[in-house]
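So the protein sequences, as listed, match chains A and B.
Take the position in the first sequence, starting the count at 1, then add 172; the result is the number in the numbering used here.
Take the position in the second sequence, starting the count at 1, then add 172; the result is the number in the numbering used here.
For glycine and all other residues, C-beta sits at the position ideal for the given N, C-alpha and C.
Number of protein chains: 2
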Amino acid sequence: MKWLNEEDIENIAVGAAVLGTGGGGDPYIGKMMALSAIQKYGPVKVITVDELEDNQWVLPASGMGSPSVLVEKIPSFKQLVAPLKAFEKASGKKTDVVMPIEIGGVNSLIPVAVAAMMRIPILDGDAMGRAFPEAQMVTFHLDGLKPELVTLGDEQGNVVTIEPANGHWSEKLARNITVAMGGSSIVCDYGITGAQAKKSVIPGTLTLARQIGALLKEQRTAAIHPIVQMLDILDGYQLFKGKAVLIKRGVQGGFTRGEANFDGTDDDKNKTCTLFFQNEHLLAEIDGKPIAMAPDLIAVLDEETGMPITTEGLKYGARVVIVAFPANEKWRTKIGIETAGPRYFNYPYDYVPLETLVKEQSPR
Amino acid sequence: MKWLNEEDIENIAVGAAVLGTGGGGDPYIGKMMALSAIQKYGPVKVITVDELEDNQWVLPASGMGSPSVLVEKIPSFKQLVAPLKAFEKASGKKTDVVMPIEIGGVNSLIPVAVAAMMRIPILDGDAMGRAFPEAQMVTFHLDGLKPELVTLGDEQGNVVTIEPANGHWSEKLARNITVAMGGSSIVCDYGITGAQAKKSVIPGTLTLARQIGALLKEQRTAAIHPIVQMLDILDGYQLFKGKAVLIKRGVQGGFTRGEANFDGTDDDKNKTCTLFFQNEHLLAEIDGKPIAMAPDLIAVLDEETGMPITTEGLKYGARVVIVAFPANEKWRTKIGIETAGPRYFNYPYDYVPLETLVKEQSPR
Numbered sequence: 173m174k175w176l177n178e179e180d181i182e183n184i185a186v187g188a189a190v191l192g193t194g195g196g197g198d199p200y201i202g203k204m205m206a207l208s209a210i211q212k213y214g215p216v217k218v219i220t221v222d223e224l225e226d227n228q229w230v231l232p233a234s235g236m237g238s239p240s241v242l243v244e245k246i247p248s249f250k251q252l253v254a255p256l257k258a259f260e261k262a263s264g265k266k267t268d269v270v271m272p273i274e275i276g277g278v279n280s281l282i283p284v285a286v287a288a289m290m291r292i293p294i295l296d297g298d299a300m301g302r303a304f305p306e307a308q309m310v311t312f313h314l315d316g317l318k319p320e321l322v323t324l325g326d327e328q329g330n331v332v333t334i335e336p337a338n339g340h341w342s343e344k345l346a347r348n349i350t351v352a353m354g355g356s357s358i359v360c361d362y363g364i365t366g367a368q369a370k371k372s373v374i375p376g377t378l379t380l381a382r383q384i385g386a387l388l389k390e391q392r393t394a395a396i397h398p399i400v401q402m403l404d405i406l407d408g409y410q411l412f413k414g415k416a417v418l419i420k421r422g423v424q425g426g427f428t429r430g431e432a433n434f435d436g437t438d439d440d441k442n443k444t445c446t447l448f449f450q451n452e453h454l455l456a457e458i459d460g461k462p463i464a465m466a467p468d469l470i471a472v473l474d475e476e477t478g479m480p481i482t483t484e485g486l487k488y489g490a491r492v493v494i495v496a497f498p499a500n501e502k503w504r505t506k507i508g509i510e511t512a513g514p515r516y517f518n519y520p521y522d523y524v525p526l527e528t529l530v531k532e533q534s535p536r
Numbered sequence: 173m174k175w176l177n178e179e180d181i182e183n184i185a186v187g188a189a190v191l192g193t194g195g196g197g198d199p200y201i202g203k204m205m206a207l208s209a210i211q212k213y214g215p216v217k218v219i220t221v222d223e224l225e226d227n228q229w230v231l232p233a234s235g236m237g238s239p240s241v242l243v244e245k246i247p248s249f250k251q252l253v254a255p256l257k258a259f260e261k262a263s264g265k266k267t268d269v270v271m272p273i274e275i276g277g278v279n280s281l282i283p284v285a286v287a288a289m290m291r292i293p294i295l296d297g298d299a300m301g302r303a304f305p306e307a308q309m310v311t312f313h314l315d316g317l318k319p320e321l322v323t324l325g326d327e328q329g330n331v332v333t334i335e336p337a338n339g340h341w342s343e344k345l346a347r348n349i350t351v352a353m354g355g356s357s358i359v360c361d362y363g364i365t366g367a368q369a370k371k372s373v374i375p376g377t378l379t380l381a382r383q384i385g386a387l388l389k390e391q392r393t394a395a396i397h398p399i400v401q402m403l404d405i406l407d408g409y410q411l412f413k414g415k416a417v418l419i420k421r422g423v424q425g426g427f428t429r430g431e432a433n434f435d436g437t438d439d440d441k442n443k444t445c446t447l448f449f450q451n452e453h454l455l456a457e458i459d460g461k462p463i464a465m466a467p468d469l470i471a472v473l474d475e476e477t478g479m480p481i482t483t484e485g486l487k488y489g490a491r492v493v494i495v496a497f498p499a500n501e502k503w504r505t506k507i508g509i510e511t512a513g514p515r516y517f518n519y520p521y522d523y524v525p526l527e528t529l530v531k532e533q534s535p536r
């Protein structure tokens with residue numbers, strides 16, 4: 173995957189919807205943006221974290237806000253690059269490489285569109301290894317880096333540059349500005365050197381997303397059900413099989429928040445499962461007991477095809493398999509759990525690793 | 173008044189509280205900031221609009237948000253100049269002269285403190301001729317100028333630079349950022365050339381504030397009651413004499429909003445007066461009929477001393493004289509009334525000039 177082609181982008185879109193459920197429904201907004209940018213500006217070269225020069229300047233680009241809103245207000249090309257240009261102006265640093273801040277959802281492919289427009293490479297790696305809903309939930313933060321600058325742009329043409337007092341203020345101001353902008357924005361934050369990227373970036377996640385996407389898309393010819401193969405690749409667990417019976421979803425404070433209830437089928441008959449989400453699914457309970465929690469990753473897949481169903485795309489009656497994957501080890505540290513664990517999101521549980529919860533609930 | 177001394181600043185603080193009622197209570201915050209800046213950085217030179225060179229760069233500095241909050245979070249020196257420095261960095265233009273965006277209230281003296289710290293002159297003039305609550309209510313807007321850049325700083329050390337799509341977005345984003353910052357901020361917007369200042373600035377208003385303040389402070393030795401003298405200087409009217417009986421006041425959406433009710437005394441016995449405010453008093457009614465409305469200026473004065481009582485400082489039982497002054501002619505145009513007239517503030521009246529309303533209600 174030295175250069176991204178259209179098939180790569182389609183596969184990344186599918187894989188990214190597994191790695192982050194808040195990424196806008198099918199036909200993935202990120203895919204549309206990346207495909208149209210590549211059609212207009214040419215292909216995008218992928219570079220690995222190892223290939224970075226220590227003094228290269230790497231800048232993440234992403235969408236912020238509610239995916240429910242992003243679907244309604246697709247960013248223009250001009251909006252997509254305005255935050256990068258504002259970042260370059262305020263920092264005085266030219267961007268050598270664009271990177272995804274999060275590999276999950278729409279934010280896997282927004283930076284590909286930005287890279288295409290700027291005719292610079294995209295990094296094969298991200299700062300979450302999945303998707304998280306808040307700006308400070310990045311490995312840069314875990315490694316003690318501060319967002320010196322944050323730039324935002326919207327489809328009206330507004331551009332805002334923040335020099336935040338700290339990471340907390342970075343999230344608070346950027347979130348409020350995004351809400352004022354109408355609920356979604358394009359953001360650049362946490363510019364880093366190649367040397368820093370080698371320490372902090374979770375490598376290979378663009379390739380991982382592509383690999384998952386390819387697997388799911390090829391499922392019709394596969395001998396083994398693709399969900400089984402995916403669980404194998406990602407060391408994941410099947411948590412629950414069931415039918416969506418109630419979905420509560422609203423846009424609140426710049427996020428899509430809510431919960432979804434499922435009645436069990438097959439082996440899970442007579443059980444119920446509830447997913448709680450803030451853009452991303454953050455907690456899964458079976459019969460009222462936790463079975464998976466952030467920072468571990470929870471995903472909802474179509475029972476038949478294995479294709480991911482986003483928080484936006486989930487509908488009453490959908491027959492699904494709910495799966496979960498262990499977070500990268502960086503997230504299972506004390507600071508990782510403080511930053512993106514269940515207590516941070518106001519759920520009444522201490523973090524317990526997915527593997528332990530699954531063993532406790534199903535000792536088979 | 174070539175150089176501002178401490179007495180000038182005390183007088184400006186008093187006069188500014190007549191010209192804008194939202195300016196923080198006694199002991200005026202603006203006065204404290206200006207006096208301490210002058211003590212630390214030296215005196216401030218005043219330059220008149222006529223004295224400006226056409227190519228000089230004039231930058232307004234002001235406080236934004238709720239005066240109720242500003243009283244609780246007095247800006248540090250660093251916060252005071254951070255927006256000016258951010259504006260210089262983003263625009264590439266060095267500031268030659270600081271100016272008040274509004275002469276009313278705390279914003280008459282915040283720019284004096286900024287000028288002292290930067291060791292550059294303050295302009296004798298402003299862009300309102302009074303105080304108004306929203307950022308686009310400036311003569312620059314009436315003259316078709318757009319805010320190309322807006323910079324904000326807070327006491328936490330956050331600095332934000334906005335390149336707004338237009339004046340509406342400038343106000344909306346700056347207001348939301350100010351709310352996110354905790355309710356008050358220091359702002360620079362509408363940088364202009366000396367040539368533009370000569371067209372758009374309302375000249376001499378710093379001198380006017382000082383003159384009103386001096387008049388009121390010298391009242392004990394004056395033969396004529398100072399309120400009478402002030403009405404004479406400003407072509408104003410006494411609307412009502414009475415006692416504050418009910419004050420409803422809250423912080424909402426970055427403003428102090430509310431209303432105040434007064435029972436009449438002396439000639440106004442058996443009448444009632446209601447003032448409606450959003451930081452500034454914007455509408456006065458006597459017995460339910462309008463007697464003065466924005467953009468004309470409404471002020472509340474202490475019955476005995478003539479000293480202004482701000483929206484913050486007004487207390488139950490206060491014995492007051494309510495006065496009003498005609499707005500500068502720039503505000504009585506079609507665009508002026510659209511921008512800051514009663515309909516803009518959602519009051520159910522078409523604008524009628526103060527002189528007409530007074531003549532209709534008291535044909536004496």
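Proximal chain B residues relative to residue i, where beta-carbon distance stays under 8 Å
| i | result |
| --- | --- |
| residue 348(A) | 348, 349, 351 and 352 |
Residues bridged to residue i (per DSSP)
| i | result |
| --- | --- |
| residue 175(B) | 217(B) |
| residue 389(B) | Paired residues: none, contrary to the question. |
| residue 456(A) | 447(A) and 464(A) |
| residue 325(A) | 331(A) and 358(A) |
| residue 431(B) | 420(B) and 448(B) |
| residue 341(B) | Paired residues: none, contrary to the question. |
| residue 494(B) | 412(B) and 472(B) |
| residue 237(B) | 356(B) |
DSSP state of residue i mapped onto helix, strand, coil
| i | result |
| --- | --- |
| residue 515(B) | coil |
| residue 528(B) | helix |
| residue 313(A) | helix |
| residue 254(A) | helix |
| residue 287(B) | helix |
| residue 440(A) | helix |
| residue 259(A) | helix |
| residue 277(B) | helix |
| residue 231(B) | strand |
| residue 479(B) | coil |
| residue 508(A) | helix |
| residue 192(B) | coil |
| residue 264(A) | coil |
| residue 198(B) | No answer about residue 198(B) holds up, because its pLDDT of 43 lies below 50 and its placement is not dependable. |
| residue 346(A) | helix |
| residue 487(A) | coil |
| residue 282(B) | helix |
| residue 224(B) | coil |
| residue 211(B) | helix |
| residue 184(B) | helix |
Residue i: contacting residues in chain B (beta-carbon distance under 9 Å)
| i | result |
| --- | --- |
| residue 345(A) | 330, 332, 349, 352 and 353 |
7 Å Cβ cut-off: residues of chain A touching residue i
| i | result |
| --- | --- |
| residue 542(B) | For residue 542(B) there is no data in the structure shown, the boundaries of chain B being 173 and 536. |
Beta strand (DSSP E) segment containing residue i, residue limits
| i | result |
| --- | --- |
| residue 474(A) | 469–474 |
| residue 500(A) | No beta strand (DSSP E) contains residue 500(A), which DSSP labels as neither H nor E. |
| residue 410(B) | 409–424 |
| residue 406(A) | Run containing residue 406(A): none in the beta strand (DSSP E); it sits in the alpha helix (DSSP H), 398–406. |
| residue 294(B) | 294–298 |
| residue 272(B) | 269–272 |
Interface partners of residue i on chain B, CB under 7 Å
| i | result |
| --- | --- |
| residue 341(A) | 328 and 330 |
Short CB-CB distance (under 8 Å) between residue i and chain D
| i | result |
| --- | --- |
| residue 347(A) | No chain D is part of this structure, whose protein chains are labelled A and B. |
**OP:** Please list the segments of the beta strand (DSSP E) lying wholly inside the segment 348–383 of chain B, counting only runs of 3 or more residues, in order along the chain.
**Re:** 356–361
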